[in-house]
Every structure is written in structure tokens, then in C-alpha cells.
Amino acid sequence: MNMLRNRKWMLVVSLVLLVVVLAGCAPTNHVTMTTEELKNGGFWQANVVYYFSLALDTFAKWFNGAYGLAILIMVIIVRTLILPLTIKQMRSSKAMQAIQPEINKLKTKYKDDPKKQQEETMKLFQEHSVNPMAGCLPLIIQMPVFIALYNSIYMNVNIYDHTFLWLQLGEKDHLYILPIIAAITTFIQSKMMPTQATGGMQFMFLIFPVLIFVMAIQFPAALPLYWVYSNIYTITQNYFLYKRGDKKDKDNNDNKDNQNGNKKSKKNKGALPAK
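Plus 349 on top of the position in the sequence shown (first one is 1) and you've got the numbering used here.
Shown next, in the form of C-alpha cells:
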């Protein structure tokens, strides 16, 4: 059972770490660079952030300098490329959910014997080929990608002289429209997650929208715009992966039950009455 608790807390810590890293670049210490300056920067800037920034500049040229659209294209490309990792994480989560009733039974049965409870739980994982830590690895792998994309938007000096809709991308959204949208979409995506969050995780899911709002009112509009795009992608992704997927699974199970019921019915009709 320690592995289950560790898995949950690793997810929480990973999310907290991501927020802390993203919040680490305070607006008062904001340093912007040209893409060429990034190329001559440190290891992270020259070998990772530079290429993300170069892609942003390229997409912006395609849209006549519309960096708001360039950020959207980058979010779609990056999130789609890491979609296989997301699907793997989702499958791991569903596998854990499927055996959760059995895990709860073991908790009740061996509540006075933690060692036996853990042994039986590990046997259950082996029987169903479930790795309780498998859902953490994809999230950890994705973090550097998200941070690199974030850095490329935050550091790229070219973005800050451009406008998009009502926004001056280099200035805060003084109307608070974007921070509010960022907070709302963050809340929606957290509510769509299928995991049975309790305790600390439930608290974190509630506090994240507040953190996003507080951060969004302090950062230049380009960053909250990125969060909104990313949240909308996640909401759409979760709808198809979780909501529609669950409905399809339910329909398939109902069809199987109906087929089994029909077979039993035919079998009973075909049976000869006893004399």
C-alpha cells in the first residue's frame, strides 16, 4: 500500500514542482532575449529553449507576426507529440481504477496486518499486470517539455511587442479576463480527471485554479494565453480519452451482457421439459 500512497504523492509533488518552476521566473526578474541570444546562452537555453523559440518565430512569420496564433500552434504540436505518453498514463490510471474495489477489500480484510495487506496487494498487481508507478513516469518525462515551451514563450523578446485580440502580449491583462479564463479552465480540467482524489490531492486540485489566477495577473499576457490554450487542449483530450472512452466501454459491456442474456434465454427455451 506504500506504493499506492507514493504514487499519489509523486503526482502531487510533480504538479507542485511544475507550478513552482513556472512561478520561479518572477516578473520583477524578467529577462528577455532574442532567439539568437538564446542560442549563445547556457546549456538549457542553447540546446532546448532555443529550438522552441525558433519554432515560435517561424510560426509567427507564417501568420504575419501573430504570436498569439504561433503560441497556439506550438501548444497543439507539443501536446500532440506527447499524446502517446498521456494515453499510457491514462491506461495506467484506468487499470488502477478497475482493481480498486479489490484493493479496498484487501484493506478491509487485512486492516490489522499491514504487511499481509501489502503482500496481497502486490499479488493483485501481478495478477492484473498493473504497475502502480507506471502513471508517474509519463508525467515526469513531460515536465521538461512543458518547462521548455514555457521558457521559450517567457524569454522570447519578439513576443512582447505584439498584440493579440485585446491583449498586449508583453503586458499584464488589466481586465483580468485571461486570468479568469485560465483559472476556470484549470478547474474544469481537474474535475474531468477520473482519479479518486482524496486528502492532499483533492486539496491541490482545488488550490491549483487559485494559484493559476494569482500567477496570471502578475505575468505578461503571453503566459496566461499559453495556459488557456494548454487547458483547452487538455479538456478536449480528456473528453475523448475519458468521457467518450468510458461511454464506449459501458456500451460494449452492456452489449456483452445483452448477448450473454440472449444466449441463456435461447438455451433455456431449447431445453426439454422434465417428465
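All residues carry an ideal CB built from backbone N, CA and C; glycine is no exception. Note that the structure is predicted; figures quoted are calculated from it, not measured.
According to DSSP, is Q567 part of a helix, a strand, or is it coil?
Reduced to three states, the DSSP call for Q567 is coil.
With a CB to CB cut of under 7 Å and the five nearest residues on each side skipped, what residues in its chain are close to L498?
Same-chain partners within the cutoff: F401, M423, V427.
Going by other Cβ atoms of all chains shown within 10 Å of its Cβ, with 16 needed for buried, is V398 buried or exposed?
The residue is buried, with at least 16 neighbouring Cβ atoms inside 10 Å.
Beta-carbon proximity check, I448 vs V479, cutoff 8 Å:
Cβ atoms of I448 and V479: closer than 8 Å.
Inter-residue spacing [alpha-carbon to alpha-carbon] between F554 and M541:
So the alpha carbons of these two residues sit roughly 11 Å apart.
Here's a check: name, in chain order, each residue in its chain whose Cβ is nearer than 7 Å to the Cβ of E386, leaving out the five neighbours to either side.
Within the same chain, no residue comes within 7 Å of E386 by CB-CB distance, once the 5 residues on both sides are set aside.
Out of curiosity, what's the CA-to-CA distance linking A395 and N389?
Their Cα atoms are separated by approximately 6 Å.
Can you tell me which of the three DSSP states A372 falls into?
With a pLDDT of 47 at A372, under the threshold of 50, the predicted position of this residue should be treated as unreliable, though the coordinate-derived value follows. In the structure shown, A372 sits in a helix (DSSP, three-state: H, G or I).
Leaving aside the five residues before and after H523 along the sequence, list all residues of the same chain whose C-beta is less than 7 Å from its C-beta, in chain order.
Beyond the five residues adjoining it in sequence on each side, H523 comes within less than 7 Å, by CB distance, of no other residue in the same chain.
Just mark T384 as buried or exposed, buried being the case when its beta carbon has 16 or more other beta carbons within 10 Å.
Here T384 is buried: its Cβ has 16 or more other Cβ atoms, across all protein chains shown, within 10 Å.
Reducing DSSP to helix, strand and coil, say where L524 ends up.
Three-state result, L524: coil.
Among D461, H511, L572, S539, nearest to Q586 - alpha-carbon criterion:
Nearest C-alpha to Q586: S539.
Between which two residues does the alpha helix (DSSP H) harbouring I508 extend?
Taken as a continuous stretch (DSSP letters only), I508 belongs to no alpha helix (DSSP H), as it is neither H nor E.
Buried or exposed by the 16-neighbour rule on C-beta atoms within 10 Å, applied to N453:
So N453 ends up on the exposed side.
Find the nearest neighbour of F474 within the set I581, Q446, F408, Y525, judged by alpha-carbon distance.
When only C-alpha atoms are compared, the closest one is Q446.
Pop quiz: P528 and A571 are said to be a contact at Cβ under 8 Å. What is the actual Cβ separation, rounded to whole angstroms?
Not really, about 13 Å apart at Cβ, beyond 8 Å.
The alpha helix (DSSP H) enclosing M445, as first and last residue numbers
The continuous alpha helix (DSSP H) containing M445 extends over residues 432-447.
Quick check on DSSP: helix, strand or coil for L518?
Looking at L518 - three-state DSSP - the assignment turns out to be coil, as it is neither helix nor strand.
Given S579, which residues of its chain have a CB within under 6 Å of its CB, disregarding the five upstream and five downstream residues?
Hits under 6 Å: V424.
Taking DSSP as the reference, what is the three-state secondary structure of M382?
Note: M382 maps to strand in three-state DSSP.
Which of the three DSSP states, helix, strand or coil, is assigned to Y400?
Helix, per DSSP.
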